[in-house]
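Participant: This is the structure I want to talk about, given as structure tokens.
Number of protein chains: 2
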Amino acid sequence: MRTFSALRLHTIVGRHYGLTDQIVILRLGHRIPRDLRVTTHVCLTARAFGADGLILADVVDTALEKTILDVCQRFGGKFWIRMGEPWRQVVKEWKSKGGDVAHLTAYGMPLPEAIEAIRASPNPKLVVVGAEKVPGEMFEVATWNVAVTNQPISEVSALALFLDRYFEGKQFSMEFENAEVKIIPSARGKKVVNLTEHGN
Amino acid sequence: MRTFSALRLHTIVGRHYGLTDQIVILRLGHRIPRDLRVTTHVCLTARAFGADGLILADVVDTALEKTILDVCQRFGGKFWIRMGEPWRQVVKEWKSKGGDVAHLTAYGMPLPEAIEAIRASPNPKLVVVGAEKVPGEMFEVATWNVAVTNQPISEVSALALFLDRYFEGKQFSMEFENAEVKIIPSARGKKVVNLTEHGN
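Chains as they are written, first to last, in the working numbering: chain W, 727 to 926; chain D, 727 to 926.
Here it is as structure tokens:
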């Protein structure tokens with residue numbers, strides 16, 4: 727089981743570790759089993775678009791964890807998932823260590839306007855994505871409230887666009903370490919190579 | 727009910743209507759009720775990122791339709807949804823009218839490589855997004871198989887990135903006609919204006 731206590735946050739966050747471009751996602755309002763599929767999409771998008779890990783606030787969903795860790799094992803990389811910490815505590819500790827908080831919401835400032843300031847900050851970023859209802863308090867404690875369009879969309883596409891702009895498209899050239907399988911781009915059909923020694 | 731017979735396709739597709747940048751999404755493999763939330767996110771992303779409408783293949787999901795039409799009524803625009811047509815028929819008719827088919831799949835050619843050719847084509851585009859399993863035949867009939875990263879992500883984020891690149895970020899400056907409400911970007915809190923005459 728790769729679940730960690732809240733104390734582990736101290737070892738991850740902080741400028742003194744030189745993690746100046748570290749991005750961690752905080753997922754709020756996840757309900758079991760209703761949000762399993764959407765939160766899975768949030769996690770996979772976060773991983774593939776360059777985030778370091780995801781904290782699932784307030785609840786522990788072992789089905790979600792299993793799905794994500796299985797993908798991580800097969801497709802590689804260092805993406806991690808943590809669960810069950812109260813969101814207020816996560817945000818408070820993140821900020822106390824000098825981290826910024828970017829809350830994605832349709833009510834916020836447009837991403838094209840906000841992104842320069844966000845990218846200019848050297849602090850690690852906690853990117854908050856909610857399910858339907860997000861506590862009003864979140865709008866106050868966030869460093870930035872950022873809108874990926876001021877229309878109802880999806881936290882999945884909001885996160886994708888945010889990370890795309892933040893990392894300037896790095897998702898298209900990322901390589902994942904220790905992968906067991908790798909997809910080879912193909913005009914037709916499916917081409918997958920097995921990278922393990924014995925194959926199967 | 728805004729469901730249409732397959733024959734309506736003839737009146738929508740086709741270069742002779744001058745719809746050179748028309749984008750319609752085809753959603754495959756939707757299962758009721760499992761995929762309601764994810765397909766809702768697909769629809770909302772499609773609408774907010776500039777697609778004209780979405781065809782839900784093979785099944786009719788009235789709960790989905792209600793959710794989407796409700797958003798369209800409140801937030802405006804002309805996004806439409808159609809349901810229940812067999813996917814092979816939709817693709818066949820689309821191509822017979824001169825339309826292109828872009829199938830989003832992790833196995834395809836990288837979006838940054840593919841997008842120039844796709845944007846250069848003057849034909850209307852049918853953008854295919856599947857749930858878990860997509861028939862192998864789809865890879866053959868598609869004009870392009872396009873990968874938004876060759877990693878497992880989400881059809882929601884794949885569609886968001888595809889439309890973002892295709893329309894070059896137009897989602898951030900779109901206005902939707904006949905909206906009842908409009909969100910005003912705000913650094914803190916929620917600001918929504920009611921655009922109907924009487925208000926409520």
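Glycine included, C-beta positions come from ideal geometry on N, C-alpha and C.
#1: Where do the ends of the alpha helix (DSSP H) carrying W:Asp890 lie?
#2: Answer with yes or no whether the minimum CB distance from D:Pro848 to chain W is below 9 Å.
#3: Count the other C-beta atoms from every protein chain shown that fall within 10 angstroms of the C-beta of W:Ser899, then say buried if there are 16 or more, exposed otherwise.
#4: Flag this pair as yes or no: are the beta carbons of D:Arg891 and D:Pro848 separated by less than 9 Å?
#5: Between W:Lys851 and chain D, is the shortest Cβ-Cβ distance under 9 Å, so that the two count as touching?
#6: For D:Asn871, list the residues DSSP reports as bridge partners.
#7: 9 Å is my cut-off, CB to CB: does W:Ala777 come that close to chain D?
#8: In the DSSP output, what is D:Val918 paired with across the bridge?
#9: With 16 as the cutoff for other CB atoms within 10 Å, does W:Glu906 come out buried or exposed?
#10: If we count the other Cβ atoms within 10 Å of its Cβ and call it buried at 16 or more, is D:Pro850 buried or exposed?
#11: CB-CB under 6 Å to W:Ala786, same chain, minus the five flanking residues each way: which ones, in chain order?
#12: Going along the chain, which residues of its own chain have a beta-carbon closer than 7 Å to the beta-carbon of W:Phe801, five neighbours each way excluded?
#13: Taking all protein chains shown into account, decide if D:Thr766 is buried (16 or more other Cβ within 10 angstroms of its Cβ) or exposed.
#14: Can W:Ile781 and W:Ile749 be called in contact, C-beta distance under 9 Å?
#15: If we define contact as Cβ-Cβ less than 9 Å, is W:Val768 a contact residue for chain D?
#16: How many whole angstroms separate the CB atoms of W:Leu770 and D:Ile879, which I take to be in contact at a CB cut-off of 8 Å?
#17: Does W:Pro861 have its Cβ less than 9 Å from a Cβ in chain D?
#18: Provide the residue span of the alpha helix (DSSP H) that contains D:Ala846, from first to last.
#19: With DSSP as the reference, label D:Ala774 as helix, strand or coil.
#20: When the Cα atoms are used, what is the spatial distance from W:Trp820 to D:Lys821?
#21: Does D:Lys908 come within less than 9 Å of chain W when only Cβ atoms are used?
#22: How would you label D:Val918, buried or exposed, when you count the other beta carbons within 10 angstroms and need 16 or more for buried?
#23: Helix, strand or coil: how does DSSP classify D:Val785 here?
#24: Quick one: Cα of W:Gly915 to Cα of D:Lys896, how far?
#25: Classify D:Gly862 as helix, strand or coil using the three-state DSSP reduction.
#26: Applying the criterion that 16 or more other CB atoms from any shown protein chain within 10 Å of the CB defines a buried residue, is D:Asp909 buried or exposed?
#27: For chain W, find out if any of its Cβ atoms is closer than 9 Å to the Cβ of D:Arg763; answer yes or no.
#28: Is it buried or exposed, W:Gln799, if we count other Cβ atoms within 10 angstroms and call 16 or more buried?
#29: What are the residues in the segment 855–885 of chain D lying within 9 Å of chain W by C-beta distance?
#30: What is the rounded straight-line gap between the Cα of D:Gly834 and the Cα of D:Thr875?
#31: List, in chain order, every chain D residue whose beta-carbon is nearer than 7 Å to that of W:Thr771.
#32: D:Phe893 touches chain W at which residues, Cβ-Cβ below 8 Å?
#33: Between D:Glu881 and D:Val768, which are expected to be in contact by the criterion C-beta below 8 Å, what is the C-beta distance as a whole number of angstroms?
#34: Can a CB atom of chain D be found closer than 9 Å to the CB of W:Lys916?
#35: When the Cα atoms are used, what is the spatial distance from D:Ala884 to W:Met864?
Facilitator: Based on what the coordinates show:
#1: It spans 881–893 - the alpha helix (DSSP H) in which W:Asp890 sits, taken as one unbroken run.
#2: no
#3: exposed
#4: Taking 9 Å as the Cβ cut-off, D:Arg891 and D:Pro848 do not qualify as a contacting pair.
#5: Chain D contact via Cβ: absent.
#6: D:His829
#7: W:Ala777 does not count as touching chain D.
#8: In DSSP, D:Val918 forms a bridge with D:Ile909.
#9: exposed
#10: So D:Pro850 counts as buried.
#11: Reading off the sequence shown, one finds Val at residue 786 of chain W, where the question assumed Ala. Contacts found: Met809, Gly810.
#12: Phe902, Ala905, Val907
#13: buried
#14: no
#15: Taking 9 Å as the threshold, the shortest C-beta distance from W:Val768 to chain D falls below it.
#16: 5 Å
#17: no
#18: 837–846
#19: helix
#20: 52 Å
#21: yes
#22: exposed
#23: When DSSP states are grouped into helix, strand and coil, D:Val785 belongs to the coil group.
#24: 31 Å
#25: Helix.
#26: The sequence as given places Ile at residue 909 of chain D; Asp does not occur at that position. Classification of D:Ile909: buried, given that the 10 Å Cβ count is 16 or more.
#27: For D:Arg763, the answer is yes, since a Cβ of chain W falls inside 9 Å of its Cβ.
#28: exposed
#29: Gly862, Phe865, Glu866, Ala868, Trp870, Asn871, Ala873, Val874, Thr875, Asn876, Gln877, Pro878, Ile879, Ser880, Glu881, Val882, Ser883, Ala884, Leu885
#30: 9 Å
#31: Ile879, Ser880, Ser883
#32: What D:Phe893 touches in chain W: nothing, since even the nearest Cβ is about 12 Å away.
#33: In this structure D:Glu881 is in contact with D:Val768, their Cβ atoms being roughly 6 Å apart against a cut-off of 8 Å.
#34: yes
#35: 28 Å
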